[in-house]
Each structure stands twice: as structure tokens, then as C-alpha cells.
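Novice: Here it is: the structure, laid out below.
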Amino acid sequence: MKDLFPGHFKESEGKVREVWDTSLFVFDANILLNLYRYSDTTRKEFLRILDKIKDRVWIPHRAAEEYLNNRLSVIDQQERSYDDTKKSIQSLRSDLENARQHPFVSSRTMAKVSKVFDDLCEELDKNRSVHTNRISNDEIKSSVSEIFKNRVGQPYDKEKLVELIAEGEERYKQKVPPGFKDGAKSGDSDIFTEKCRKYGDLIVWTQVIDQAINSEKGIVLVTDDKKEDWWEKFKGKTVGPRPELVKEFKDRTNKTFHMYQADRFLELARENLDEQVSDEIVEEIREVRRRDKIAQKRMREMEYLKRRKSEMSHLFQELERSKNKMMAYEEERHMLQQRMQELESVRSDMRHHQEHLLREGIDNPEFEPFMDHYATLSEEYSRVRKNLENSSMKYKEMQIHMMELEKEVAHRMNVIEQDNSADS
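In the working numbering, the protein residues as written are 12 to 435.
This is the structure in C-alpha cells:
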């Protein structure tokens with residue numbers, strides 16, 4: 012059974028030790044990007060562990076590319092976190108400095124608190140400048156570059172990437188991991204690199220498999236990707252890598268595959284490399300991941316709210332356009348009805364005159380011009396009547412469309428009320 016379903020069975024402790032002695036350690040881009048989010052102590056410790064095993068580390072070309080492309084964005088995020096913290100401090104200071112309302116703080120105590128606030132802001136500015144300097148002088152990037160010197164995979168050519176995109180489309184339809192959670196990302200861009208973004212996880216996965224085949228080594232993949240297209244989860248807990256991934260890896264390479272998040276990687280490094288890794292460092296890494304998870308959740312919520320706001324805006328705009336169209340059709344119908352009444356009145360008078368002319372005989376010189384004029388009015392009457400029917404039909408269609416739009420707006424508003432209630 013274990014041979015048929017390898018992803019559902021854990022390795023023995025002895026086997027795990029063997030894995031750590033012989034496997035290739037592969038790191039995803041998010042592991043390297045998180046180095047910018049760690050404290051100096053934790054980052055140095057993590058880099059020290061990587062340096063110790065640098066003869067067996069490797070990074071897929073796609074992961075290295077993602078790290079370099081997203082490095083500045085992560086630095087910017089960290090800079091903004093310092094700015095947000097300073098704003099919070101200034102807001103609290105402002106609340107406390109108003110001695111005429113609660114919360115009330117004495118002048119003596121406020122003087123002490125202000126000194127602490129000043130020291131905090133000064134230190135925050137100093138630490139923020141460290142991140143700002145990394146834009147052009149990044150010691151973290153230099154350390155990563157040194158550790159992974161000659162340990163980065165080669166890029167795929169365009170022909171291979173086109174092949175992977177086609178394979179990815181089918182895999183994502185069938186929910187085959189990894190990467191199908193990125194299926195919602197747009198892949199319709201004319202820019203080829205943008206098309207590849209949607210299939211980034213699959214490209215990384217394929218490069219990892221190719222490296223295992225070429226090196227004839229098992230793989231330990233270290234990633235902080237939390238999506239369910241990488242991890243098997245049960246009741247909110249991460250059980251391990253998706254069994255489908257373990258099986259595909261074994262079927263294609265006949266090698267072992269293990270996958271850890273950064274904190275578990277350090278715990279196992281402590282056990283299998285005889286390294287001193289403090290519990291505080293492991294907990295900090297977990298806390299960074301928790302904060303990142305909350306930040307991503309907030310970002311998704313903001314994107315959802317933005318999308319919902321945009322949808323409501325489009326609905327109201329469509330309602331306004333429909334209302335204007337209905338008013339135009341109503342005005343058109345009114346004008347056509349008036350014209351029909353005018354034409355009907357004229358035609359009625361002409362029919363009476365026609366009877367008079369017939370009594371006098373068709374040789375009357377007025378008869379032929381009169382009949383031509385009557386025919387012209389009759390044609391106009393038919394045309395106006397047809398236009399009125401078309402306008403009335405469009406008016407009714409617009410009425411139905413308006414009712415559907417109003418129903419949709421009411422539904423969306425109800426959903427918003429329910430969401431607000433749930434948030435409360």
C-alpha cells in the first residue's frame with residue numbers, strides 16, 4: 012500500500028535522518044523574501060544554517076527570478092510598516108496630550124511618555140532607513156547570492172514554457188497540484204512573462220523534478236507558500252504536502268520528496284544537523300507567517316470590497332443609463348402619439364373632403380393632387396405607427412431590464428448588509 016500511496020505515509024525517524032544527510036535542499040522565493048521580514052538575529056541564524064549546507068542547497072530559476080523581481084516590493088512593505096507604526100504612536104500621543112478630556116494624563120507623566128515616544132520614533136526612523144538603504148545596497152541579497160553561487164537552475168526556453176502553459180491549463184481544470192489556486196490570475200496578457208505568472212508554481216515544480224532527475228537526489232523543498240494546492244489540510248491544520256505531489260514526484264524521479272515550512276525546517280535542522288536553534292527564533296518565524304497570513308487575508312478582503320464597490324458602481328451607472336433611455340423612449344412615444352393624432356385628424360378631414368370631390372366627379376382638377384397628398388399622409392401615418400410600436404416595444408424591454416437591475420441592486424445590498432453583520 013505504501014508503494015501505491017506514498018504521500019499518505021510518514022517516513023521513520025531513521026529515514027528522515029538519511030534524507031537530511033543525502034537530499035538536496037530546495038528553497039522557494041518566499042523563503043528568501045521572508046528574510047527581509049525577520050529580526051536581525053533570526054535572519055543571521057537562518058542564513059548561518061543555509062551556509063552550513065550550501066553544498067547541498069539549490070534554487071529553481073523561476074524561484075530566483077521571483078525573489079529578485081519582488082525584493083523591492085517586500086522592502087517597501089517593511090518601510091510602510093514603520094510608517095504605520097509611527098502614525099499609531101503619533102495618534103496615541105495626540106489623544107493623551109489633550110489634558111481637557113479623557114483619557115486624562117497628568118503633565119508630569121505625559122512628559123515621561125513623550126520622551127519614550129520620541130525615542131521610539133527615533134529608533135523606528137533609524138531602522139526604517141536600514142530597509143531604505145537595501146534598495147541600492149542590499150546585504151541580504153549579497154548573502155543569498157553567495158550561498159546560492161552556482162546553485163541556481165537554468166531557465167526554460169520559450170518553447171518549454173509554452174508547453175508548460177498548455178499543460179497547466181489542463182492541470183488547473185482538473186485541480187491537479189500545484190498552482191491551481193492561481194487559476195483566477197489573468198493569463199490573457201499579450202506579454203509572455205505575464206502569461207507565465209499564472210503558472211509560476213507549476214514552472215517551479217517542474218524545475219524541481221528536473222533537478223531531482225539530473226542530480227539523482229531526493230528533494231527537501233522549503234516553502235512558506237500556504238495554499239491548499241501545495242499542502243494537505245484538515246480542519247485548519249496542515250497535515251503535510253499534497254499526496255498527489257509526493258506520488259507524482261516519486262513516479263517521475265523514483266526519489267523521495269519532503270516539504271517543510273521555514274519553522275519546521277529549522278526545528279529539523281536542530282535535530283538532524285546538531286544545530287543550536289532557539290525556540291524564540293522558531294516562534295518569530297511562525298509569527299511572521301501568521302502576520303503575513305493576516306495581511307494577505309486583509310488584502311483579499313480589500314480586493315473583494317474594491318471589486319464589490321466597482322460592481323455596484325457599474326450597476327448604478329447602468330441604472331442611470333437605463334433610466335435616461337426610458338425617459339427618451341417615453342418622450343419619443345409621446346411625440347409619436349401626438350403626431351399620429353394630428354395625422355389621424357387631418358386624414359379624417361380629408362376623407363370627408365374626398366367624399367365631396369367624388370360627388371363632383373373625378374374630373375375635378377383638385378382630385379388627383381388631393382389623392383397624392385392623402386397617400387403621402389397615409390404613408391407617414393403608417394411609418395409613425397410602426398415607429399410607435401417599435402418605441403413601445405423598446406420601452407417595455409427597458410422596463411424589464413430596469414426591474415432586473417433593481418432586483419440585482421437589492422440583492423447586492425442585502426449581501427453587503429449580511430457581510431457587515433458577519434463582520435460585526
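Heads up, the beta-carbon is just placed ideally off N, CA and C, and yes, glycines get one too.
Measure the Cβ-Cβ separation of R162 and V37 and say whether it is below 7 Å.
Specialist: Going by C-beta atoms, R162 is not nearer than 7 Å to V37.
Novice: Could you compute how far the alpha carbon of S435 sits from the alpha carbon of L316?
Specialist: A caution first: S435 carries a pLDDT of 49, below 50, which makes its placement in the model too unreliable to give a value.
Novice: Looking only at DSSP bridge pairs, what is M270 linked to?
Specialist: M270 is bridged to L232.
Novice: Is the separation between the beta-carbon of S402 and that of R344 shorter than 7 Å?
Specialist: Closer than 7 Å, so yes.
Novice: Using the beta-carbon count (16 or more within 10 Å), is K425 buried or exposed?
Specialist: Residue 425 is actually Asn in this sequence, not Lys. N425 is exposed by the Cβ-count criterion.
Novice: Should H325 go down as buried or exposed, given a rule of 16 or more other Cβ atoms within 10 Å for buried?
Specialist: That one is exposed.
Novice: What are the start and end residues of the alpha helix (DSSP H) that includes W216?
Specialist: Segment 211-226, the alpha helix (DSSP H) holding W216.
Novice: When we look at the beta-carbon of G164 and count the other beta-carbons within 10 Å, is it buried (16 or more) or exposed?
Specialist: Under this definition G164 is a buried residue.
Novice: Would you mind sorting A280 into buried or exposed? The rule is 16 or more other CB atoms within 10 Å of its CB.
Specialist: Buried: at least 16 other Cβ atoms inside 10 Å.
Novice: Tell me which same chain residues have a C-beta within less than 8 Å of the C-beta of G211, skipping the five on either side of it?
Specialist: R73, E77, G190, D193, listed in sequence order.
Novice: Could you please give the first and the last residue of the uninterrupted beta strand (DSSP E) stretch that includes E243?
Specialist: Start and end: 242-245.
Novice: Between T120, L416, D94, which has its C-alpha nearest D136's C-alpha?
Specialist: Out of T120, L416, D94, D94 has the C-alpha closest to the C-alpha of D136.
Novice: Less than 7 Å between the beta carbons of P188 and D240, yes or no?
Specialist: Cβ distance < 7 Å, so P188 and D240 count as in contact.
Novice: Which word fits Q349, buried or exposed, when buried means at least 16 other C-beta atoms lie within 10 angstroms of its C-beta?
Specialist: Exposed: under 16 other Cβ atoms inside 10 Å.
Novice: Please report the distance separating the alpha-carbon of K320 from that of C132.
Specialist: Taking the straight line from one Cα to the other gives about 36 Å.
Novice: Whether or not the region 254-267 and the region 222-232 are in contact is what I'm after, with contact meaning three or more pairs of Cβ atoms, one per stretch, closer than 8 Å; do they touch?
Specialist: Touching, per the Cβ criterion.
Novice: Is it buried or exposed, A273, if we count other Cβ atoms within 10 angstroms and call 16 or more buried?
Specialist: Per the 10 Å Cβ criterion, buried.
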